[in-house]
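In the working numbering, the protein residues as written are 2 to 421.
Presented below is the structure to which this report refers.
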């Protein structure tokens, strides 16, 4: 059962005790990411994620690593569009070490200018690595096109030019705006005594001064229909089909997940079976929804030989049209619903997965659903809900296509995608 506590400094703690385990997952979620940046400071959220590992007033970068490694724990972080998360997984007996290290990193990092310049080189190598990964690159290109009129389309890593603008002063100014207790959620799942957990969090995070974070007001991003072709010397052509999606708190999220399973969410999905197993046109093809605070996107990805690119586009188009015209079968609806429930239940075996779920949900939507509530929402979804969603999403006016490779594509052929 999830519980919630708000400390005196307005820091919210959500937690779930699982007494049969011997581990604890501890996450600190900050309500900022690349969509809250300006173009000139693009990448600063991700850069800060790197820099807090580089040393504090009492710990070197090596000390941070050793303090967690020596107890057999794990420590890591990630940056998204809407959030940044720093987390550990340790034995339950090492809960205090986790809280100590994470609080030290977030509240007492020194941001040495020498380390800043060194880390810029590291992040540039990360950017170059993504540039050399066409699957990652085509997703970033499509997101940038779909949300090109605002910061949601900015790359999380930033660019070479924007990295150059980052200084110690810009880091501390950005953190003073976003790294505040009332813009943070601490999520903890595992074996602990409730009183000890709250005392420990108070001990290490209670001195974090409330700065009265003012939420950034922004208009809901406008989904932009577009076709982008970028030439790149690759062994395959990489395709992304993007559709307007749903915000994380939208009541249709579970019908969307069921629809995703039917289309490309597993090896029994329509796209996998028809385009890979039957036609043999691809090795990799899948779909997934991305749900943000106030909007969302549904993505289909495929990689094919240059000669097969046109056929893959036609096959994806045909499968989506088939759903719109003929609907989904009761068999695949029930199978996809069962698949969704099974995946969710299996995820409950992991403290890290549970911590991620409650931390992100509380940060983005303001609430946390219990497992039983989630399962009920999945069970309550109807086939008609799925079809209504498909009819709204899969239209030519609601679609964007990005192609990466050295295949010449006739733009007129693309215009036929999901149009009469």
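Note that CB positions come from ideal geometry on N, CA and C, so glycine has one too.
Do you know how far the Cα of residue j is from the Cα of residue i?
{"i": "residue 202", "j": "residue 294", "result": "27 Å"}
{"i": "residue 360", "j": "residue 415", "result": "40 Å"}
{"i": "residue 43", "j": "residue 20", "result": "42 Å"}
{"i": "residue 196", "j": "residue 329", "result": "50 Å"}
{"i": "residue 288", "j": "residue 303", "result": "9 Å"}
{"i": "residue 308", "j": "residue 285", "result": "16 Å"}
{"i": "residue 324", "j": "residue 278", "result": "19 Å"}
{"i": "residue 170", "j": "residue 349", "result": "42 Å"}
{"i": "residue 53", "j": "residue 30", "result": "14 Å"}
{"i": "residue 267", "j": "residue 334", "result": "14 Å"}
{"i": "residue 326", "j": "residue 26", "result": "46 Å"}
{"i": "residue 316", "j": "residue 135", "result": "22 Å"}
{"i": "residue 187", "j": "residue 257", "result": "28 Å"}
{"i": "residue 59", "j": "residue 249", "result": "39 Å"}
{"i": "residue 173", "j": "residue 396", "result": "45 Å"}
Looking only at DSSP bridge pairs, what is residue i linked to?
{"i": "residue 31", "result": "85 and 185"}
{"i": "residue 319", "result": "Answer is none; residue 319 lacks a bridge partner."}
{"i": "residue 286", "result": "303"}
{"i": "residue 191", "result": "18 and 25"}
{"i": "residue 269", "result": "Per DSSP, none; premise fails for residue 269."}
{"i": "residue 292", "result": "297"}
{"i": "residue 56", "result": "61"}
{"i": "residue 92", "result": "24"}
{"i": "residue 201", "result": "Beta-bridge pairing links residue 201 to no other residue."}
Using beta-carbon positions only, say whether residue i and residue j come within less than 7 Å of one another.
{"i": "residue 391", "j": "residue 260", "result": "yes"}
{"i": "residue 310", "j": "residue 408", "result": "yes"}
{"i": "residue 239", "j": "residue 139", "result": "yes"}
{"i": "residue 92", "j": "residue 24", "result": "yes"}
{"i": "residue 296", "j": "residue 12", "result": "no"}
{"i": "residue 182", "j": "residue 148", "result": "no"}
Under a CB-based cut-off of 7 Å, is residue i close to chain B?
{"i": "residue 293", "result": "No chain B appears in this structure, which consists of one protein chain only."}
On the three-state DSSP scale, how would you describe residue i?
{"i": "residue 249", "result": "coil"}
{"i": "residue 276", "result": "helix"}
{"i": "residue 165", "result": "helix"}
{"i": "residue 298", "result": "strand"}
{"i": "residue 20", "result": "coil"}
{"i": "residue 370", "result": "coil"}
{"i": "residue 75", "result": "strand"}
{"i": "residue 403", "result": "strand"}
{"i": "residue 173", "result": "helix"}
{"i": "residue 127", "result": "helix"}
{"i": "residue 13", "result": "strand"}
{"i": "residue 137", "result": "helix"}
{"i": "residue 206", "result": "helix"}
{"i": "residue 342", "result": "helix"}
{"i": "residue 349", "result": "coil"}
{"i": "residue 379", "result": "helix"}
{"i": "residue 238", "result": "strand"}
Exercise. Are the segment 125 to 133 and the segment 153 to 160 touching by the rule of at least three beta carbon pairs closer than 8 Å?
Worked result: yes
### the segment 91 to 109 contacting the segment 359 to 379, beta-carbon criterion three pairs below 8 Å
no
Three CB pairs or more closer than 8 Å across the segment 119 to 128 and the segment 221 to 231 = no
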